[in-house]
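Position one of the sequence shown corresponds to residue 23 (the numbering used here), numbered consecutively onward. Beta carbons are placed, not taken as given, at the ideal position from N, Cα and C, and that holds for glycine. Computed from a prediction, not measured in an experiment: that's the story for all the values here.
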Amino acid sequence: ALAPFIPSTSEAVLVTALRLLYNLSFDAKCREAILGGDLLNRLIACLRKRMQLPLVLRVLYNLSCDDKARKAMCKADHVGVALRKQVISCEDHMLPPELAALAINIATVEAGAEAMCSDQVMRHYLER
């Protein structure tokens, strides 16, 4: 029911939908519903929206705390690549805690680690 609102042309609608999704992501059945539908790919697409990045990272981190969900996230299109870009392009001295924790959780799955480390980016991680 939230999929049409993520992403949304209205910032207020998007923020409300992301906050609701964040609250729902604490429930196991809701996490399964999020992973079973198109919402995961929509959330990953929202990683490009700078204004909503903290909210999107919180939702994705909550999802990544569950082993089954983590594996499903690694099968999703471009999750490792999107995280890699976020980690490398982060201009803050320290990574936001949600981004660091999400990257660590995704890296515990082989497919996620391979996606995050492809294209010889280990040097960039070490420089970071």
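- [ ] Answer yes or no: do residue 98 and residue 126 have a C-beta to C-beta separation smaller than 8 Å?
- [x] For the purposes of this step, residue 98 is taken as the residue at position 76 of the sequence shown. For the purposes of this step, residue 126 is taken as the residue at position 104 of the sequence shown. No, they are not a contact pair.
Open item on the list: Between the alpha carbons of residue 61 and residue 28, how many angstroms are there, rounded?
Closed with: Here the question's residue 61 lines up with position 39 in the sequence shown. Here the question's residue 28 lines up with position 6 in the sequence shown. Going by the C-alpha atoms only, they are around 8 Å apart.
TODO: Out of 116, 57, 47, 118, state which residue places its alpha-carbon closest to the alpha-carbon of residue 101.
DONE: Taking the sequence shown and counting its residues from 1, one reaches residue 101 at position 79. If we check each option's Cα against that of residue 101, 57 comes out closest.
Open item on the list: Quick check on the DSSP output: what are the complete beta strand (DSSP E) runs of length 3 or more inside the stretch 80-112, in order along the chain?
Closed with: none
- [ ] Could you check what DSSP says for residue 31 in three-state terms: helix, strand or coil?
- [x] The residue given as residue 31 occupies position 9 in the sequence shown. Residue 31: coil per DSSP, three-state reduction.
Task: N-terminal and C-terminal residue of the alpha helix (DSSP H) that residue 139 is part of - done: Counting from 1 along the sequence shown, the entry for residue 139 is found at position 117. 132-139 is the extent of the alpha helix (DSSP H) around residue 139.
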